[in-house]
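Residue numbers (my numbering), protein chains in the order written: chain A, 332 to 525; chain B, 34 to 321. Cβ coordinates follow ideal geometry from the N, Cα and C atoms, glycine included.
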Amino acid sequence: MHLARLTAVIGIAVASFTGGAARAADRYALDPMHTFVVFKITDVGYAHVVGWFTAVAGELTFDPADVTKSTLKVTIKTASIDTHFARRNKDLMSPDFLNVAEFPEMTFKSTSVERTGDKKGKVTGELTLLGVTKPVTMDVTFNKIAPNPFNKNTPTAGFEAHTAIKRSDFGMKADIPNIGDEVDISIDAQATKM
Amino acid sequence: MDPNNPVFQAVIGPFVVAFLVIGSSRLVGWRTGSEVLAGLGVTAGLLMAFVQLRGIPSLPPNSAPEKLFYLITLAGLIGVALDLLGRPPLIGRLAFVLFPAICLAWFSLRLLLAQPDVGLLIKLAIMWAGAAIALWQICVANARGGALAGTILILATAVGAAGVAALAPFIGVTLLCASVAAVAGALALWAYGVRLLVRAPMTIGATSLLGAAGGLVATVLLLVLFTASVSTAGAAFLIAVPFAGLVAEPLLLGGGIGRRVFGPVLLTVVAAVPAAGAIGLAYLTPSQ
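Given below as structure tokens:
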């Protein structure tokens, strides 16, 4: 009896120390209805062209107790680009830019997560675009994680992220500098626990 | 003019380079050397346009558009080899027929490795047949009607292709086709000038012919293979342009000042009709 109670106490202590291993690194799927990947690029210096990708899918493993162990994998269908002007969309899908016929997807796979503040961090990973893979770092803000009352109280995590890339780094050199080389990317995402 | 202006990059710059090099080739006493140098001017103009419009491609090339740079280079080099070998007829024409196959095989390699399917293979076979027919016809027209016949047909086809590409839209190909038109125009201008002033026909070698026509064919194949929104009917109708060369011989050959001055003009007008037809078809039958 004494031994059984001691074992139970040790078990509870270990579980507490590991921060509830049963809760660590839960898997979440990006909610396509509430995930927005928006980009902005200068247009002949007059203003910016703003657009987004409508077909985004991904998986997040998130450990609130130790966010540095989190991982993110995202796949975007390049043909889902939308800049609210059909002819420009077609131009951007052509081999001059996204070359969707040859490269139907772009992907991001995280390699490390760094915590920089209370709800802020940096996620570094490999972005593969036009068959070229380069490291990219995003500034991430973790908004919240809670049961979603509009989705049967399923735990939902919300993030936003910002980064900038040079499209020429990925071989997309057409029309530089008339169309800017630097592309600002903003991401707002919700992910639902799987 | 602003060097970043696409018109300068695609048309003016390549035209000037080709025109100057072709002109310089006229000073070379050795006929084959002269033809090779002129052809290198054509290839140099096209490569210059490519680099200005798309930057220097990676090595090895990562995507189909980057492969186009090396295919244009290959067309020029095959042409040089043919000229230095004395343009053996069978090998020469075989090269013109096989070059599109090389382009298609290399362009579609990634697609075939990712998801080989019978539909794609059939499409590639049809595209190869069309491109080979067009190149063969240009070759025949050049052999029968001389340099002006070949260059006018390449010029007209390039203008038609530029229009079809602009409607797709694929601006990069539009501009590269305009570059082909520019270098073909430089060749045609010299050939016409020599015809009027010297009364002896200027000859162009395989370096010029395959350099310009091969570069154009590779560019159009890139357009059709990788742009879902291109008008298939418009692109297919471009094959008809080189057949305007069937009237090249009666228009261009023979004596008489009228034929010497106006023959090339008439051939240009005749070749412009199917080129305009291709653009019209592309306008009327757009893909989604």
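Burial state of residue i, where buried means 16 or more other Cβ atoms lie within 10 Å
| i | result |
| --- | --- |
| P47/B | buried |
| L146/B | exposed |
| P122/B | exposed |
| A339/A | Low per-residue confidence applies at A339/A: pLDDT is 42, beneath 50, and the placement is therefore not dependable, though the value from the model is reported in the following sentence. Label assigned to A339/A: exposed. |
| E99/B | buried |
| E68/B | buried |
| K421/A | buried |
| N430/A | buried |
| N38/B | exposed |
| L197/B | First, the residue type needs correcting, since residue 197/B is Val and not Leu in the sequence shown. Buried. |
| L142/B | exposed |
| R87/B | buried |
| L317/B | exposed |
| F481/A | exposed |
| K450/A | exposed |
| A233/B | exposed |
| L256/B | buried |
| V213/B | buried |
| L60/B | exposed |
| D35/B | exposed |
| M469/A | buried |
| W63/B | exposed |
| L229/B | exposed |
| I204/B | buried |
| K475/A | exposed |
Residue i - DSSP class collapsed to helix/strand/coil
| i | result |
| --- | --- |
| Y359/A | strand |
| I330/B | Residue 330/B falls outside the range modelled here, since chain B spans only 34 to 321, and no answer is possible. |
| V431/A | coil |
| F393/A | strand |
| D413/A | strand |
| Q148/B | coil |
| W383/A | strand |
| R446/A | strand |
| V40/B | helix |
| S478/A | The amino acid occupying residue 478/A in the given sequence is Pro; Ser does not appear at that position. P478/A falls in the strand class under three-state DSSP. |
| P202/B | coil |
| P500/A | Reading the sequence as shown, one finds Asp at residue 500/A and not Pro. Three-state DSSP puts D500/A in a helix. |
| A158/B | helix |
| G47/B | At residue 47/B the sequence reads Pro, which differs from the Gly that was named. In the structure shown, P47/B sits in a helix (DSSP, three-state: H, G or I). |
| P508/A | coil |
| M304/A | Given a span of 332 to 525 for chain A in the structure shown, any question on residue 304/A remains unanswerable. |
| M469/A | strand |
| A353/A | With a pLDDT of only 40 at A353/A, under 50, the local geometry of the prediction cannot be trusted, and the value read off the model is given with reservation. Coil, per DSSP. |
| A209/B | Note that residue 209/B is Leu in the sequence shown, not Ala. L209/B: helix per DSSP, three-state reduction. |
| D515/A | strand |
| D608/A | Since the displayed chain A opens at 332 and closes at 525, residue 608/A lies outside it and no answer follows. |
| A261/B | coil |
| G56/B | helix |
| K453/A | strand |
| G183/B | helix |
| P283/B | helix |
| P486/A | strand |
| L403/A | strand |
| L460/A | strand |
| V398/A | helix |
| V369/A | strand |
| T523/A | strand |
| T301/B | helix |
| T385/B | With chain B covering only 34 through 321, there is no way to say anything about residue 385/B. |
### Task
Evaluate the contact criterion for the stretch 271-280 of chain B versus the stretch 169-183 of chain B: three or more CB pairs, one atom per stretch, below 8 Å.
Between the stretch 271-280 of chain B and the stretch 169-183 of chain B, the count of Cβ pairs shorter than 8 Å is three or higher; the stretches touch.
### Task
Check whether the stretch 302-313 of chain B touches the stretch 183-196 of chain B, counting contact only when three or more Cβ pairs, one atom from each stretch, lie closer than 8 Å.
Three or more Cβ pairs drawn from the stretch 302-313 of chain B and the stretch 183-196 of chain B lie within less than 8 Å of each other, which places the two stretches in contact.
### Message
What are the residues in the stretch 200-233 of chain B lying within 9 Å of chain A by C-beta distance?
### Response
A201, P202, F203, I204, G205, V206
#### Entry: Against chain A: residues of the stretch 68-92 of chain B by CB proximity under 9 Å
L86, R87, G88, I89, P90, S91
### Query
Using a beta-carbon distance cut-off of less than 7 Å, what residues from the stretch 401-419 of chain A approach chain B?
Close to chain B, meaning a Cβ-Cβ distance shorter than 7 Å, are the following residues of the stretch 401-419 of chain A: R418.
### Short-range partners of chain B found in the stretch 424-446 of chain A, where Cβ spacing is below 7 Å
S425, P426, D427, N430, A432, E433
### Query
Hey, is the stretch 162-170 of chain B in contact with the stretch 127-135 of chain B, meaning 3+ C-beta pairs nearer than 8 Å?
yes
### the stretch 216-227 of chain B in contact with the stretch 111-125 of chain B per 3-pair CB rule at 8 Å
no
### Message
Going residue by residue through the stretch 211-243 of chain B, where are the continuous beta strand (DSSP E) segments of at least 3 residues, counting only ones entirely within it?
### Response
none
### Query
Between the stretch 488-504 of chain A and the stretch 458-476 of chain A, are three or more C-beta pairs nearer than 8 Å?
Contact annotation: the stretch 488-504 of chain A touches the stretch 458-476 of chain A, with at least three C-beta pairs closer than 8 Å.
### Query
the stretch 234-267 of chain B: which residues have C-beta closer than 7 Å to a C-beta of chain A, in chain order?
L255, F259, T260, A261, S262
### Query
Unbroken beta strand (DSSP E) runs of length 3 or more, entirely within the stretch 69-141 of chain B: which are they?
Listed in chain order, nothing qualifies, since the stretch 69-141 of chain B has no complete beta strand (DSSP E) run of 3 or more residues.
### Query
Any residues in the stretch 490-503 of chain A with a beta carbon nearer than 8 Å to a beta carbon of chain B? Which ones, in chain order?
Cβ proximity to chain B below 8 Å picks out S499, G502 from the stretch 490-503 of chain A.
### Task
Decide if the stretch 511-522 of chain A is in contact with the stretch 45-65 of chain B; the criterion is three or more beta carbon pairs, one per stretch, under 8 Å apart.
no
### Query
Quick check: the stretch 254-263 of chain B against the stretch 232-240 of chain B, are there 3 or more CB pairs under 8 Å?
no
### Message
At a CB distance below 8 Å, what residues from the stretch 97-109 of chain B approach chain A? Give them in sequence order.
### Response
A97, P98, E99
### Task
Mind checking the stretch 460-489 of chain A against chain B and listing, in chain order, the residues whose C-beta falls within less than 9 Å of any C-beta there?
L461, G462, V463
### Message
Closer than 8 Å between beta carbons: that is the criterion. Which residues of the stretch 130-145 of chain B meet it against chain A?
### Response
R143, L144
### Query
Three or more C-beta pairs closer than 8 Å, one from the stretch 356-364 of chain A and one from the stretch 384-397 of chain A: is that the case here?
yes
### Task
Mind checking the stretch 505-516 of chain A against chain B and listing, in chain order, the residues whose C-beta falls within less than 7 Å of any C-beta there?
Result list: A505, P508, N509.
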